[in-house]
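Chains as they are written, first to last, in the numbering used here: chain A, 26 to 332; chain B, 26 to 332; chain C, 26 to 332; chain D, 26 to 332; chain E, 26 to 332.
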């Protein structure tokens, strides 16, 4: 147990030993074990966007085993997927990588302006499959946010009572905000804070832009001169917004871009005090070899091996 | 236990022995026992379309016993029906054919553009009636899809905990897609994938057309040159979309057509790697003798006895 | 136990002995005991239409005891009423007549085009009051049909688990069909079939007219030349539609008419293979003496004593 | 135990001894003990209309203890109030007066045309506070009537199972009827009947006017020449409508008027066979001395001491 | 135990010893221990308004530990916060200050005219974290008030059964009242009364203005000449409206103003018989030293040390 991991676990003093052990399981697994940094492989795109859009570019990914193997080989801290995809491979990879059962999902066969994911799994299923954590998406700014917060509240209580950790994807979406506002710095920081207030152990948000969406917030950002000019500053502000950094906050990169651009983002996350990345399409939509290299470089940036 | 059945059961390693035994019960029953192929007799048309539209053409079918006998005599792998129809004959056919209790149903006395079936049975009833599996219909693309996914989630969890298998009918319908889109290859593959992600052991979809419904998907099908020109290719793509073939996927034929046309469809399912057919109206709406011959030919195509 | 009752009970082989004994209790009680025919007295009109419209014509009926006494004296197979009306008299008539607790009711102080009855009792209350069965109304063709089917599903499961029988009033109503369509032969047969699929032991429908409501059904009725010209033919078709006669189907007569007209309807029910009548307002809205004579004649027609 | 009380308790033969004992507790308490008549003090106006509108006229009433004392001193049969008001005084008046916990309430900070009270207490709370009964308001004619009936159904079942009595306030309100219709004789009689069918032991309605609201009912009232010309006749008709008088029916007087007018109403209730009054604002909005005199006179009219 | 605290605890005679002990814990903690007065530190602004708007002015407040320390150092009677913020610091401050878990929260990423907070915690979580009480916000005048009242009812029952106290924030908001009406004296008094009727032990409202919102109430205020001209009079009227002062009522000050203005408000609360203040932004948005001085002066006004 490194000092850094011990320090992080200290932030979760309100949790029972089972939950803290599962947070430790993820922090102490894979290439970044012990560094306090995390790279998680998530594969819910089959549900969210459809199988061809997700896996045709690298057809090995149609197979649930593929992603388990990728997560193991790349040394990811954890692998996150919906019920079926975990069921499809868990028997072949018993205990080889910490698992996160994603408990709600959304598809685009029926889309809506104020989205609400469907609950597709449960804490009991996560226990059955030997997971370390459950995952849940909330859409703050959706008119259905109340439904999702209350579903999360019940899941969080149950998960904590049985010693699981809780990872919350907090993605502002809905008619209350603009498209640009979904990644505005004030909105992302707010969404991250809400996830932590709802009891998340690990908060996952999108990388924020310098846009400020809410008029009342804009006044404060200007008055207090909160630095949000660079990505690293914005990451730092988001991390601060989550209990002054006393909760693990990780970031996703959004739409595909050049690898160099992504690595720059990773450096900004690292330099801003972020705890890591969740990398889905950028990982499994390239050939496995390339994916391993890509993830390897990412991890080296986080560990400091690569500047 | 044949090698093929053993292989298939291996895909369900996350399930308890009770559930795997019930999948085996269906795979090892009837004419196609041990081949890994399935022909299932479903009779929920009385509920879905009304009794006269379903049974007047062959009035023996008004009697629930008729369909049990037909499934037994034809050597079907399983017989699926709603609560009442199973209750009506189960006492006379104890253990003679694996049963699937259909847990939700829809009628056309009240129809709607975004449909949602009513829950009409339960896992407990399936146990009471000695079933091997429960069946459930989801309508992806309906504005009620969330309701149905969440009902299925609860049913799936309960069924798996008591050793039953889960068969999901995944039929895209609703105002989010066009009529043609209901059988579009991208939509059917997506719907099949969703069913598997929701934890289905057996997925049942309609045979897909070459139409591609969703603009974002179309780009990928074209870019990746996914072959969907022939029915066999489309079946192969659907099977691939369901965990790279690691879940049983069966097909229904849709509206009545000539027997030769149906047999050609069966060949395409077989050649595309599909696992079988679910054949309702084409079976019970003809005289029993003719039905037995029709189902017999179908099974011979699947077993390879007939090319 | 007559052969006929034994035969009927054989249709319910999926039920536990408790439930079958309660079906037997009703079939073996009163004037028609052992014939396989039933005349049931229902008194929910106070709730459905208001007390004055129900009882002012024969004010004895304001008193719940009156109807118990009438059912006992007339030798009805069972007496059905809502919670309050059963509570009001059950202590005075312990075990004198099989009771059916009507578990949902509707009033006309608030009416709506797509009706949904309120649940006003429970299986537990039926047990407390010593009932043989529970009753439940569904309105197929109402936009609330899903709610009612799902309420019935839960009630049916619970009732069967504690050995009670289930009687379903299936009355198509709602904006999906025309007023005339509520008693159309295709609609009534469909509604009766749905009730049986939902697990009803006894199905109660209105006498059907020769009208055919649904275009898709009309094609089949014409193509298959289903005889629906006479009332007896229509009764026969409804009975056939309910599992080929393997469920008890009884009929109500609708609005008041001459006694001779009613007796002709009873003959048509008998000749069409129907199992009996449920007679409310025609019974309790006349003086008791007249009611006993009226019900006596009805029973004699069913028993064959009167042609 | 007087003969009259014994007779009344005989009407509740379907209830367990606990519930009947609690009905007896109320009938045998206070000035009217043993007469079969009841005067109940209800104080939910603070919730329903706000504290100043309820208590400013006699500020002692802001204090929950005041009403306990008033009910005790006046010899009321019972005191009814919402959770907080009972909690506020029950510890000081242990066992001094039978208590009715009002389980739902409505406020006018948010009003609506089709009202639905909020559930604000529970049967378990009534047991905790040592109550003899629970109270519940239904608004027949509201589009939310189904919600309220079903809430009442659950409460009634639970209350009866633990030996409590159930008092139902049945107040027709909503867009289905006119303002005048709320107290129309046909509507009030119907509402009282519904409450009894839902299992109420004690029904509370407003005094009816001679207006007849519903066209179908009007035909019957005219055809059967139901006498509703005088208030006593209307009370008699309401009492008859509630199981021919085999349930306790009490009346409220509505808006403030002269004492003489109220006493005339009380005489009409008595002469029409009503069982008593529920008197809130007329009691606690005058000084305690005056209230005691007012309630004393009312009780004397009921007991027959005053003609 | 001072006489005053003993007196206050006497008002809660309907509660079990566990709940009364927790009320005592809060009354007997900190600078105002034993005086019967309370100053509570609430920090839910991060959830309600976003992290930057809440904490940028004094960035120490991003850290959950900061507020625990502030509440301890200032000698507050209790510290109230949502789940995450309590979890974040409770392990470091075991037993150092009574805790109130705020069980519902609202954010402005999605705002609405008729608000309804999301339930974000539970009584079980409050027990897990060692809290003395739970907190809950209701918005009387919102069209969702029924939902919130019924959630509170369940929480209140559970909290009381496990020995916790219940603090209710009662904030009228919604389309039924004007903006000005939210702090109108009639509305605030009514909202406070409702909270108490719903079973709150401690009621928290905003300081009322002299505006009277409701026409029916206005008549009474004028007729009865209820004095509401000064703030102290209005406080007195609110306290009277809450069971004649037999429930603890505390006040919040609303938007920031000069310290002198706030201290004048505190004097008015004290002089009007109010029980204290809940002071959030005015406390944690200034540097800790200044906050301690500010809270210290407030407490001295309440204790009478400062006039």
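Even for Gly, the Cβ is constructed at its ideal location relative to N, Cα and C.
Top-ranked residue by Cα proximity to residue i, from the options
i: residue 211/E; options: 298/E, 324/E, 203/E and 235/E; result: 235/E
i: residue 102/D; options: 322/D, 190/D, 122/D and 325/D; result: 122/D
i: residue 241/E; options: 318/D, 171/D and 77/D; result: 77/D
i: residue 323/B; options: 132/B, 84/B, 202/B and 99/B; result: 99/B
i: residue 313/B; options: 255/B, 91/B and 35/B; result: 91/B
i: residue 287/A; options: 219/A, 273/A and 320/A; result: 320/A
i: residue 307/A; options: 332/A, 317/A and 300/A; result: 317/A
i: residue 277/C; options: 228/C, 127/C and 79/C; result: 228/C
i: residue 33/A; options: 43/A, 54/A, 59/A and 55/A; result: 59/A
i: residue 173/D; options: 223/D, 302/D, 190/D and 104/D; result: 223/D
i: residue 315/E; options: 69/E, 95/E and 38/E; result: 95/E
First and last residue of the uninterrupted beta strand (DSSP E) at residue i
i: residue 104/B; result: 103–106
i: residue 225/E; result: No beta strand (DSSP E) holds residue 225/E; DSSP gives it neither H nor E.
i: residue 158/C; result: 158–163
Distance CB(residue i)-CB(residue j) smaller than 7 Å
i: residue 51/A; j: residue 275/A; result: no
i: residue 268/A; j: residue 221/A; result: yes
i: residue 194/C; j: residue 145/C; result: no
i: residue 115/B; j: residue 154/B; result: yes
i: residue 166/A; j: residue 199/A; result: yes
i: residue 260/A; j: residue 293/A; result: yes
i: residue 83/B; j: residue 310/B; result: yes
i: residue 201/D; j: residue 135/C; result: yes
i: residue 156/B; j: residue 177/B; result: no
i: residue 86/C; j: residue 80/C; result: yes
i: residue 253/A; j: residue 299/A; result: no
i: residue 266/B; j: residue 218/B; result: yes
Residue i Cβ short of 6 Å to the ligand HEM heavy atom set
i: residue 277/D; result: As far as ligands go, the structure on display features none, and thus does not contain the ligand HEM.
Neighbour-count burial assignment, residue i, 16 or more Cβ in a 10 Å radius
i: residue 29/E; result: exposed
i: residue 285/C; result: exposed
i: residue 208/E; result: buried
i: residue 204/B; result: exposed
i: residue 47/C; result: buried
i: residue 42/A; result: exposed
i: residue 160/E; result: buried
i: residue 27/B; result: exposed
Extent of the continuous alpha helix (DSSP H) to which residue i belongs
i: residue 34/D; result: 28–35
i: residue 240/A; result: 240–248
*Which residue spans inside the stretch 46–124 of chain D form an unbroken alpha helix (DSSP H) run of at least 4?*
70–74, 76–80, 89–99 and 108–115
_beta strand (DSSP E) runs contained entirely in the stretch 251–326 of chain C, provided each spans 3 or more residues_ = If we require 3 residues or more, the beta strand (DSSP E) runs fully inside the stretch 251–326 of chain C come out as 273–277 and 301–303.
*Every unbroken alpha helix (DSSP H) inside the stretch 148–199 of chain C [4 residues or more]*: Under the rule that a run must span 4 or more residues, the alpha helix (DSSP H) segments found entirely inside the stretch 148–199 of chain C read 148–153 and 170–186.
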